[in-house]
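Below: one structure, written as structure tokens.
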Amino acid sequence: RPIFEARGLTKVYEMGEVRVEALRGVDLDIHAGEFLVLLGPSGSGKSTLLNILGGLDVPTSGTVRYGDHDLTVDDDAAMTRYRRAHVGFVFQFYNLIPSLTARENVALVTEIADDPMRPEDALALVGLAHRLDHFPSQMSGGEQQRVAIARAVAKRPQVLLCDEPTGALDVHTGVMVLEVIARVNRELGTTTVVITHNAVIAGMADRVVHFGDGQVARIERNAVRQPAS
Ligand code: ADP
Ligand code: ADP
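Every position in the sequence shown, counted from 1, becomes a number in UniProt numbering once 8 is added.
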């Protein structure tokens, strides 16, 4: 049974006279442990879907099941528990606290988790064992994003959701950051969904979901994940 099951998802944003259909009937199954990429033009609904999977937003209609939980119930407290217990997020911007070291940024999250990794282990997993006591300003963009990934996975979430994690990085650094996300997926078995525009990165996924105009246009399965070169 898939870990996520989305059926007939729609999302409508209304702002005065303006009405935007961000999702127009999305059906998608995501399997536990899978590495999925969402690809498609800007405005095609990728972030809207990711936010619904992460309990940051609810659809206008349709259903999303995560395990035995219904993610369409508009209950802020339950959604907050869901996000805390099950989901790690990585965004384009790293949102690290500038006055804290890499280790302290990760430790902030592990303090409230049930069975967290040690901050040192999470940072080693993303290849930053040598940057534990560095501050964000002392690290490159790629390193800061890797700290953000360590922070997201240190609580051992079932699900890792990444919205354009390489959007602020050059192509080479972006591929390195995605290699780190792929390693987390492999070694921890975290179900991983990544929004990207980068074709190399799409080749690293198990499946690529092509979005167009609020719908799934097609799904492509990579027989063998391409290693980044
Ligand atoms: P993508 O991630 O593929 O770029 P989004 O899911 O961000 O697409 O956006 C899909 C559509 O929904 C776009 O037309 C966008 O402008 C609109 N949209 C997204 N979020 C909001 C919002 N909070 N309020 C109004 N419109 C929104
Ligand atoms: P565990 O996986 O540790 O058994 P649960 O799956 O029961 O934990 O969920 C942990 C917490 O998250 C619980 O408080 C649960 O109610 C909440 N939760 C999980 N998924 C959802 C959801 N889709 N909607 C609302 N709350 C949720």
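Every residue, glycine too, gets a C-beta built ideally from N, C-alpha and C.
Ligand 1 heavy atom lying under 7 Å from the CB of residue i
{"i": "ARG53", "result": "The question names Arg, yet the displayed sequence has Gly at residue 53. It does: the Cβ of GLY53 is within 7 Å (strictly closer) of some heavy atom of ligand 1."}
{"i": "ILE69", "result": "It should be pointed out that residue 69 corresponds to Ser in this sequence rather than to Ile. Every heavy atom of ligand 1 is 7 Å or more from the Cβ of SER69, so no."}
{"i": "THR174", "result": "no"}
{"i": "ALA14", "result": "no"}
{"i": "SER148", "result": "no"}
{"i": "TYR90", "result": "no"}
{"i": "MET23", "result": "yes"}
{"i": "ALA210", "result": "no"}
{"i": "PHE97", "result": "no"}
{"i": "GLY63", "result": "no"}
{"i": "ALA30", "result": "yes"}
{"i": "ILE60", "result": "no"}
{"i": "THR204", "result": "no"}
Through-space distance from residue j to residue i, alpha-carbon basis
{"i": "ARG226", "j": "GLY149", "result": "33 Å"}
{"i": "ALA30", "j": "VAL217", "result": "16 Å"}
{"i": "ASN113", "j": "LEU104", "result": "7 Å"}
{"i": "GLY41", "j": "GLU25", "result": "42 Å"}
{"i": "GLY135", "j": "ALA160", "result": "15 Å"}
{"i": "ARG15", "j": "GLU228", "result": "19 Å"}
{"i": "LEU186", "j": "ILE209", "result": "7 Å"}
{"i": "ASN206", "j": "ALA213", "result": "12 Å"}
{"i": "PRO173", "j": "ALA115", "result": "21 Å"}
{"i": "LYS54", "j": "ASP76", "result": "24 Å"}
{"i": "ALA176", "j": "GLN146", "result": "17 Å"}
Bounding residues of the beta strand (DSSP E) (the contiguous stretch that carries residue i)
{"i": "ARG126", "result": "Segment: none, ARG126 is in no beta strand (DSSP E) and carries neither H nor E."}
{"i": "THR200", "result": "199-203"}
{"i": "SER69", "result": "69-74"}
{"i": "ALA110", "result": "First-last for ALA110: 110-118, but that is the alpha helix (DSSP H), not the beta strand (DSSP E)."}
{"i": "LYS163", "result": "Neither: LYS163 is in no beta strand (DSSP E) and is coded neither H nor E."}
{"i": "THR18", "result": "12-23"}
{"i": "VAL81", "result": "Neither: VAL81 is in no beta strand (DSSP E) and is coded neither H nor E."}
{"i": "GLY96", "result": "95-98"}
{"i": "LEU177", "result": "Counting along the chain, LEU177 falls outside any beta strand (DSSP E), and DSSP gives it neither H nor E."}
Span of the alpha helix (DSSP H) around residue i
{"i": "GLU228", "result": "Per DSSP, GLU228 belongs to no alpha helix (DSSP H); it is in the beta strand (DSSP E), 223-229."}
{"i": "ASP37", "result": "Counting along the chain, ASP37 falls outside any alpha helix (DSSP H), though it belongs to the beta strand (DSSP E) covering 26-38."}
Environment of residue i [buried if 16+ CB atoms lie within 10 Å]
{"i": "VAL81", "result": "exposed"}
{"i": "VAL72", "result": "buried"}
{"i": "ALA85", "result": "exposed"}
{"i": "SER52", "result": "buried"}
{"i": "ALA137", "result": "exposed"}
{"i": "ALA130", "result": "buried"}
{"i": "PHE219", "result": "buried"}
{"i": "residue 238", "result": "Look at the range of the chain in this structure, 9 to 237, and you will see that residue 238 is not part of it."}
{"i": "TYR21", "result": "exposed"}
{"i": "VAL224", "result": "buried"}
{"i": "VAL188", "result": "buried"}
{"i": "SER237", "result": "Bear in mind that the predicted position of SER237 carries a pLDDT of just 46, short of 50, making it too unreliable to give a figure here."}
{"i": "ASP171", "result": "buried"}
{"i": "MET23", "result": "exposed"}
{"i": "PHE101", "result": "exposed"}
Discussion item. Count Cβ pairs between the region 103-119 and the region 181-193 that sit closer than 8 Å; are there 3 or more?
Written reply: At 8 Å Cβ cutoff, the stretches do not touch.
Worksheet item: Do three or more CB pairs link the region 44-61 to the region 199-212 at distances below 8 Å?
Response: The region 44-61 vs the region 199-212: in contact.
Worksheet entry | Validate contact between the region 109-127 and the region 160-169 using beta carbons, cut 8 Å, 3 pairs | Segments in contact, yes.
Item to complete: Give a yes or no on contact between the region 54-69 and the region 81-91, applying the rule of three or more CB pairs nearer than 8 Å.
Response: Between the region 54-69 and the region 81-91 there are three or more C-beta pairs closer than 8 Å, enough to call the two in contact.
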